[in-house]
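See the structure below:
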């Protein structure tokens, strides 16, 4: 029942003109902002103050913008069935496409390292529609209807979808020349490697560095940002390669730090588009 409701809602959104979709999305975001628990808002504001060295008023504005943007993002996801290989270029421009092409020419597949900044769902869909063999490594949604809906649209866009537990499948796909897309900017509890993020140690997923080291695969940082006219730009960086030594843990930590610094640089440039409501520094590092 829920799945069919979401599908009907998507069909309705697809009928709306662009300005109305964006307007409704912004309205939804603004209406939902007061519903964010006060404790969560305070955590986001405190982290913004600490990370960006801004006052509380500026931090509040950034935290609100970061939350409100989920309204337009939701509308964009519902509109995804209207995106095709023929029209994706009008909606998402690629900046640095040559970097991803150069990485694939190495013949070892590639790892796409990205973050919860901008509409990351649209980033994966647009790269697939632009002809890149992208594999989306996803977290299973708590709502089964939304999980089925978004995976159906990921597949329709041309992505192969695998859940985070499918490590063996990821390695196999990487060896076959696919691009493994990984989000690596959320707290990874005790399973992560602790690296500096905005001058604080944060538990960070090590999957990108581990996969890159395992297959000598290039790692390509990439993000997406929204433009004022409602279009988007995918920003693709030059690839990096894990420098192998006899110490695997050291190699993974150093590479993860390099990637995290790239993410930090992007967040500093587009702070209103990052997911500040997530408790990025929740897991405390072990006592030194």
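Numbering (this note's numbering), first residue to last: 28 to 315.
Cβ atoms here follow ideal geometry from the backbone N, Cα and C, with glycine treated the same way.
Would a C-beta distance cut-off of 7 Å place residue i and residue j closer than the cut-off?
i	j	result
residue 137	residue 130	yes
residue 308	residue 93	no
residue 211	residue 155	no
residue 231	residue 215	yes
residue 75	residue 62	no
residue 116	residue 151	no
residue 144	residue 300	yes
residue 188	residue 163	yes
residue 279	residue 233	yes
residue 160	residue 191	no
residue 248	residue 289	yes
residue 5	residue 236	Since the first and last residues shown for the chain are 28 and 315, residue 5 lies out of range.
residue 70	residue 306	yes
residue 105	residue 37	yes
residue 245	residue 173	no
residue 251	residue 146	yes
residue 45	residue 185	no
In the DSSP output, which residue or residues are listed as bridge partners for residue i?
i	result
residue 106	Beta-bridge pairing links residue 106 to no other residue.
residue 138	207 and 246
residue 304	Looking at the DSSP assignment, residue 304 forms no beta bridge with any residue, so it has no partner.
residue 319	An answer regarding residue 319 cannot be provided, because it is not within the stretch 28 to 315 covered by the chain.
Does residue i pass the burial test, meaning 16 or more other C-beta atoms within 10 Å, or should it be called exposed?
i	result
residue 229	buried
residue 203	exposed
residue 148	buried
residue 91	buried
residue 103	buried
residue 48	buried
residue 65	exposed
residue 15	Because the chain in this structure spans residues 28 to 315, residue 15 falls outside the shown range and cannot be described.
residue 54	exposed
residue 277	exposed
residue 282	buried
residue 226	exposed
residue 158	exposed
residue 312	exposed
residue 273	exposed
residue 84	exposed
residue 31	exposed
Does the beta-carbon of residue i, which I'm using as the reference point, lie nearer than 6 Å to any heavy atom of the ligand ATP?
i	result
residue 89	The ligand ATP is absent from the structure shown, which contains no ligands of any kind.
In chain order, which continuous runs of the beta strand (DSSP E) of length 3 or greater are located wholly inside the segment 144-201?
Fully contained in the segment 144-201 are the following beta strand (DSSP E) runs of length 3 or more, in chain order: 161-165 and 187-190.
Specify whether the segment 171-181 and the segment 216-234 touch according to this definition: at least 3 beta carbon pairs, one from each stretch, less than 8 Å apart.
Short answer: they don't touch.
Quick check on the DSSP output: what are the complete beta strand (DSSP E) runs of length 3 or more inside the segment 215-269, in order along the chain?
DSSP runs (the beta strand (DSSP E)) wholly in the segment 215-269: 220-224, 227-231, 246-253 and 259-263.
The segment 94-101 in contact with the segment 51-63 per 3-pair CB rule at 8 Å
When C-beta atoms of the segment 94-101 are compared with those of the segment 51-63, three or more pairs fall below 8 Å, so the two segments count as touching.
Would you call the segment 107-127 and the segment 257-264 touching, i.e. three or more CB-CB distances under 8 Å?
Yes, the segment 107-127 is in contact with the segment 257-264.
Entirely within the segment 37-96 and at least 4 residues each: give me those alpha helix (DSSP H) ranges in chain order.
Runs of the alpha helix (DSSP H) inside the segment 37-96: 45-59, 65-79 and 83-95.
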